[in-house]
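To start, the structure itself, in structure tokens.
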Amino acid sequence: MARRGHGAIVTVSSSAARMPAPVGGAYAASKAGVEILTRYWATEFGPHGVRVNAVSPGPVRTEGTAAMLGDQMEALDRVNARGRAGDPREIAEIVMFLVGPASSYVNGATLFADGGEISALPG
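Numbering of the sequence shown is given in this note's numbering, commencing with residue 354 and proceeding in unit increments.
If you want it as structure tokens, here you go:
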């Protein structure tokens, strides 16, 4: 991409990078690492015409999430301001925006697609 002088990369983080929990510290740390790497790459490759951004989903209804949560899957609908978990297609649409021409001036950003999960935190 840098040799061609244009391109767009979208990395995938997670709301876990911003929300401490009793479990999942290694996962959260890895996603926080994705976010800083995204900013570094944006700085490194931006002058060569390559944009690098991240999408940071909150809870999303996927087969993997269902396998992990089992019968607690309905709890996903209570963790954000929208009152429901995300759909994988919604995240895909954000990725399409970030690689498309409408976001040509966006570089080094993390787009939070969490249904307002941070807003719904108590206190």
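All C-beta atoms in this analysis are idealised placements derived from N, C-alpha and C, irrespective of residue type, glycine included.
7 angstroms CB neighbourhood of Ala438 in its chain, flanking five on each side removed:
To locate residue 438, count along the sequence shown from 1; it is residue 85. Contacts found: Pro412, Val413, Arg414, Leu429 and Asp430.
C-alpha gap between Val365 and Ile447, whole angstroms
Taking the sequence shown and counting its residues from 1, one reaches residue 365 at position 12. Taking the sequence shown and counting its residues from 1, one reaches residue 447 at position 94. Using only the alpha carbons, I get a separation of about 11 angstroms.
Cutting at 8 angstroms between CB atoms, please list the residues of its own chain near Arg435, excluding the five before and the five after it.
Residue numbering aside, residue 435 sits at position 82 when the sequence shown is read from its first letter. Cβ neighbours of Arg435 beyond the five flanking positions: Gly468 and Gly469.
Three-way DSSP call (helix, strand, coil) for Thr463 in this model:
Taking the sequence shown and counting its residues from 1, the one referred to as residue 463 is at position 110. Correct three-state label for Thr463: strand.
Quick check: the Cα distance between Ser368 and Ser456, rounded to an integer number of angstroms?
Within the sequence shown, the letter at position 15 stands for residue 368. Within the sequence shown, the letter at position 103 stands for residue 456. Spanning the two alpha carbons is a distance of roughly 22 angstroms.
Give me whichever residues DSSP pairs with Pro410 in a beta bridge.
Walking along the sequence shown from the start, residue 410 turns up at place 57. Ala466.
Along the chain, where does the beta strand (DSSP E) that runs through Thr364 open and close?
Indexing the sequence shown from 1 puts residue 364 at position 11. Per DSSP, Thr364 belongs to the beta strand (DSSP E) from Gly360 to Val365.
Leaving out five residues before and five after Gly358 in sequence, what residues of the same chain have Cβ atoms less than 8 angstroms from its Cβ?
Taking the sequence shown and counting its residues from 1, one reaches residue 358 at position 5. For Gly358, where only same-chain residues beyond five positions count, the Cβ hits under 8 angstroms are His401 and Gly402.
Starting from Tyr393, follow the alpha helix (DSSP H) in both directions and report where the run begins and ends.
Numbered from 1 along the sequence shown, position 40 holds the residue referred to as residue 393. Segment Gly378 to Phe398, the alpha helix (DSSP H) holding Tyr393.
What three-state label does DSSP hand Arg356 in the structure shown?
Position 3 of the sequence shown, counting from 1, holds the residue named residue 356. The answer is coil: DSSP assigns Arg356 none of H, G, I, E or B.
Can Glu388 and Ala370 be called in contact, C-beta distance under 8 angstroms?
For this step, residue 388 is matched to residue 35 along the sequence shown. For this step, residue 370 is matched to residue 17 along the sequence shown. Yes, the Cβ-Cβ distance between Glu388 and Ala370 is below 8 angstroms.
Less than 8 angstroms between the beta carbons of Val408 and Ile444, yes or no?
Here the question's residue 408 lines up with position 55 in the sequence shown. Here the question's residue 444 lines up with position 91 in the sequence shown. Taking 8 angstroms as the Cβ cut-off, Val408 and Ile444 qualify as a contacting pair.
Is Gly423 closer than 8 angstroms to Asn460 when the C-beta atoms are compared?
As a first step, residue 460 is located in the sequence shown; it is residue number 107 there, counting from the start. As a first step, residue 423 is located in the sequence shown; it is residue number 70 there, counting from the start. No. Outside cutoff.
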